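Residue 106 in the UniProt record's numbering sits at position 106 of the sequence shown; the count goes up by one each step and never skips. Since the structure comes first, as structure tokens, the remarks are kept for the end.
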Amino acid sequence: MVRNVAGVMAELEPEDFYLLSGVEQGMRFSEWVNRDKLPELSNLTSEEVGYRLDRCATRGLIDRKTIQYEGYTLTAEGYDALALRTFSERDTIEGVGAPLGVGKESDVLEVQSYTPLALKFHREGFTEFREVTRERDYTADNQHVSWLYTARKAAEREYEALEALYPEVSVPRPVDQNRHAIVMGKFEGVELDRTRLADDQAVGVLDLILREVRDAYAAGYVHADMSEYNVAVSESGVTVFDWPQSVPTDHENAREFLERDVENLATYFKRKHPSIPDIDTDAVSESVAAGDFETVRSHK
């Protein structure tokens with residue numbers, strides 16, 4: 001998990017954010033931003049830039065590297081700070097609390113606001129940039145693609161899906177989005193992977209999840225990354241989360257992704273609960289796409 005920068009936010013001054021924003025702007029064109037370009041990018045004097053570089057570097061918000069020139073780049077913490085400032089200015093959040101979850105491509109924190117909320121920082125590209133750029137179609141047409149861009153596009157895609165699906169589909173309630181970060185409703189439940197279900201409950205829970213997949217398809221989206229790690233199970237039902245890889249149903253590979261989602265779920269449940277009946281996943285996928293799916297018991 002990337003270090004939580006909430007503790008240093010109070011120490012930062014407006015000019016520090018001007019500097020960070022300038023580095024962010026420069027990273028659209030180069031991973032390392034030339035020191036000489038920062039006065040223009042940040043609207044600060046050269047002397048002020050030097051002072052702010054030292055302050056931000058000391059707090060771990062930027063990195064420095066000497067190539068053919070003196071270059072600077074945002075750290076993940078620096079990008080987090082910019083997003084947090086925007087959320088604060090919008091009165092979206094009042095403070096940041098404890099971690100709620102750490103994934104391969106995101107960090108999720110509890111945030112203080114008028115109601116319990118969660119803050120998700122997308123990390124796509126931060127640690128495995130080469131692999132991500134090969135897999136994500138929204139980076140394919142860019143010669144220079146920074147991890148900032150990759151993470152921001154993932155957040156935008158996920159937020160767009162949540163707005164389209166909530167509340168008809170049981171997904172986290174979308175609240176706000178900026179850069180690589182999403183603020184959403186804090187939902188109940190435990191990840192399916194960590195849930196202990198009795199064998200006689202398994203089919204019922206699988207049906208609940210597949211009905212959400214059905215309703216999402218009817219609303220125009222395929223999750224495209226369904227697994228036991230992005231479904232939460234609670235006494236009140238299930239919540240499907242993590243939608244950055246979702247695609248609209250008119251995507252050329254939408255049906256293929258839907259079939260893979262159904263296959264992944266069926267395989268997991270069969271592995272964890274061998275006593276459940278064999279499932280005709282092709283028939284289930286057809287039923288989900290047609291909007292008439294109710295139970296896997298009808299597709300054995």
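Beta carbons: idealized from backbone N, C-alpha and C, even for Gly. Note that the structure is a prediction, hence the values are computed from the model and not measured.
Practice problem: Less than 8 Å between the CB atoms is what I'm expecting for residue 189 and residue 233, so what's the real figure, rounded? | Solution: 5 Å
Quiz item: Does DSSP put residue 232 in a helix, a strand or coil?
Solution: strand
Quiz item: Quick one: what's got a C-beta closer than 8 Å to residue 270's C-beta in the same chain, skipping five residues either side?
Solution: 276, 278 and 279
Exercise. Would you give the residue range spanned by the alpha helix (DSSP H) that residue 203 belongs to?
Key: 199-218
Practice problem: State the CB to CB distance for the pair residue 253 and residue 226, rounded to an integer number of angstroms; the pair is presumed to be in contact (CB under 8 Å). | Solution: Between residue 226 and residue 253 the Cβ distance is about 15 Å, and since that is not below 8 Å, they are no contact.
Exercise. Could you check if residue 27 is buried or exposed, using at least 16 other CB atoms within 10 Å of its CB as the buried criterion?
Key: buried
Quiz prompt | Residue from 159, 37 and 95 with nearest C-alpha to residue 320 | solution = Because residue 320 is not part of the residues shown, which for the chain are 1 to 300, the question remains open.
Exercise. Give the single residue among 151, 98, 249 and 89 whose Cα lies nearest to the Cα of residue 76.
Key: 151
Exercise. Could you tell me which residues DSSP pairs with residue 17 in its beta bridges?
Key: Paired residue(s): none; residue 17 is not in a bridge.
Practice problem: Look up residue 99 in the DSSP assignment and give the residues it is bridged to. | Solution: 109
Quiz item: Can you tell which of 18, 79, 50 and 104 has the C-alpha that lies nearest to the C-alpha of residue 244?
Solution: 104
Quiz item: Does DSSP classify residue 184 as helix, strand or coil?
Solution: strand
Quiz item: Name the DSSP beta bridge partners of residue 177, please?
Solution: 182
Quiz item: So residue 87 is in the alpha helix (DSSP H); what residue range does that whole segment cover?
Solution: 76-89
Quiz prompt | Span of the beta strand (DSSP E), counted from its first residue to its last, around residue 64 | solution = 62-66
Quiz prompt | From 284, 37 and 60, residue whose alpha carbon lies closest to that of residue 6 | solution = 60
Quiz item: Do the segment 81-94 and the segment 17-24 make contact, defined as three or more Cβ pairs closer than 8 Å?
Solution: yes
Quiz item: What first and last residue would you give for the alpha helix (DSSP H) that runs through residue 270?
Solution: 254-272
Self-check item: residue 22 (DSSP reduced to helix, strand or coil)
Solution: helix
Quiz item: What are the boundary residues of the beta strand (DSSP E) that residue 240 is part of?
Solution: 237-240
Quiz item: From this set, 193, 115 and 49, which residue's C-alpha is nearest residue 39's C-alpha?
Solution: 49
Quiz item: Which of helix, strand or coil does DSSP assign to residue 159?
Solution: helix
Exercise. Give me the Cα-Cα distance between residue 114 and residue 101, rounded to the nearest whole angstrom.
Key: 21 Å
Quiz item: Beta-carbon separation of residue 155 and residue 122 under 8 Å?
Solution: yes
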